[in-house]
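**Q** Okay, here's the structure, questions in a sec.
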Amino acid sequence: MKVEFQKKTSALIVRIQGEIDHHTAKELKEKIEREFQKSGSKNLIFDFEGVTFMDSSGIGMLIGRYKWVLAYGGKTAVANAEQRAAKIFQMAGMNKIIAQYPSVSEALKAFGEV
Amino acid sequence: MAYENEMTVQFLAKSENEAFARVAAATFVSQLNPTVSDITDIKTAVSEAVTNAIIHGYEKKEGMVTLFCGYIGDKVTIIVSDKGKGIANIEQAKQPLFTSKPELERSGMGFTVMETFMDSMTVESVEGIGTKVTMTKVINKGTFL
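Spelled out as structure tokens, the structure:
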């Protein structure tokens, strides 16, 4: 699993490449929180285009970051999840918790970041 | 039960082996020409069962996890077992969103994922002895191109 960050105005875009499971979720959590604070971001956007696998550990990681960002007054969104992890997202009812968009640019637009 | 083909692998209860286990199961099942959706379902269910064994069965202590895969016709049986602490209340553990370890950011969806992604799932567990999760799925044959 690889993760890359890009700051766009006040949003931190998290591009994940590879698999999200219990083993990689912990590393993701630590990297995201470190980068989020270092970059002084407000909102968080996950780009799932490069995600090849995700189990329920990924759901736990996403909800954990959603709550964490919310505590700082920010918002969280997931882009490109429909193609990559549709079934587990639907099963967990993620669309009721975290906003999902077909692309990062749509998420940025919804957050008023462009 | 006599399977047409079967395999068993054992590995240490380390989180690094979660990926190994799901790839091993997926590779074995690929003999049946499954669809991409079947493979994703099986990989996800195996990942959940193995993660449970590592986190809850052994709780970071050393131990072995056993993964069995077998098939008869197009029906696959997968068994993930450990010799860990066992589950005190199986019905409670199977409830969606229930987790005994909220501090670890567990979603509490593991058994729900297994039940949803596979055709059947049963849990047998004895405290202090271990846990055995048995799952089955009929493979919908993929189309040769």
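Read top to bottom, the protein sequences are chains S and X. Quick note on this note's numbering: the first sequence kicks off at 1 and runs consecutively. Quick note on this note's numbering: the second sequence kicks off at 1001 and runs consecutively. The beta-carbon is built from N, C-alpha and C at its ideal position, and this holds for glycine as well.
1) Bridge partners for N1005 (chain X) per DSSP, in chain order?
2) Is T1122 (chain X) a contact residue of the ligand NAD, with contact defined as CB to any heavy atom under 8 Å?
3) Compare the beta carbon distance of T1066 (chain X) and T1008 (chain X) with 9 Å and say whether it is the shorter of the two.
4) Only counting the same chain, and skipping five residues up and downstream in sequence, which positions put a Cβ closer than 6 Å to that of K1132 (chain X)?
5) Buried or exposed, going by whether 16 or more other CB atoms sit within 10 Å of the CB of I1072 (chain X)?
6) If you draw a straight line from the C-alpha of N946 (chain X) to the C-alpha of E1127 (chain X), how long is it?
7) Would you check if the distance between the CB atom of S56 (chain S) and the CB atom of I88 (chain S) is smaller than 9 Å?
8) Per DSSP, L44 (chain S) forms a beta bridge with which residues?
9) Please list the segments of the alpha helix (DSSP H) lying wholly inside the region 47 to 74 of chain S, counting only runs of 4 or more residues, in order along the chain.
10) Taking only beta-carbon positions, decide if A1019 (chain X) is within less than 9 Å of chain S.
11) Are the CB atoms of A1045 (chain X) and V1113 (chain X) within a distance shorter than 9 Å?
12) Taking 7 Å as the limit between beta carbons, can you name the residues of its chain near A1024 (chain X), skipping five residues before and five after?
13) Provide the residue span of the alpha helix (DSSP H) that contains Q83 (chain S), from first to last.
14) Using 8 Å for Cβ pairs, my map puts A1026 (chain X) next to I1039 (chain X). What's the rounded Cβ distance?
**A** Result, derived from the coordinates:
1) Beta-bridge pairing links N1005 (chain X) to X:Y1071.
2) The ligand NAD is not part of this structure, which contains no ligands at all.
3) If you check the CB distance, T1066 (chain X) and T1008 (chain X) come in under 9 Å.
4) The beta carbon of K1132 (chain X) lies closer than 6 Å to those of S1081 and E1124 in the same chain, with the five residues before and after it left out.
5) Around the C-beta of I1072 (chain X), fewer than 16 other C-beta atoms lie within 10 Å, and the residue is accordingly described as exposed.
6) Not covered by the structure: residue 946 (chain X). The range shown for chain X is 1001 to 1145.
7) Contact flag set, yes.
8) Answer is S:L12 and S:T76, bridged to L44 (chain S).
9) Within the region 47 to 74 of chain S, the complete alpha helix (DSSP H) segments of 4 residues or longer fall at 56 to 71, listed in chain order.
10) Chain S, which has a Cβ nearer than 9 Å to the Cβ of A1019 (chain X), makes this yes.
11) A Cβ-Cβ contact shorter than 9 Å links V1113 (chain X) with A1045 (chain X).
12) Taken in chain order, the residues that qualify are V1009 and L1067.
13) Per DSSP, Q83 (chain S) belongs to the alpha helix (DSSP H) from A81 to M91.
14) So it is a contact: roughly 5 Å between Cβ atoms.
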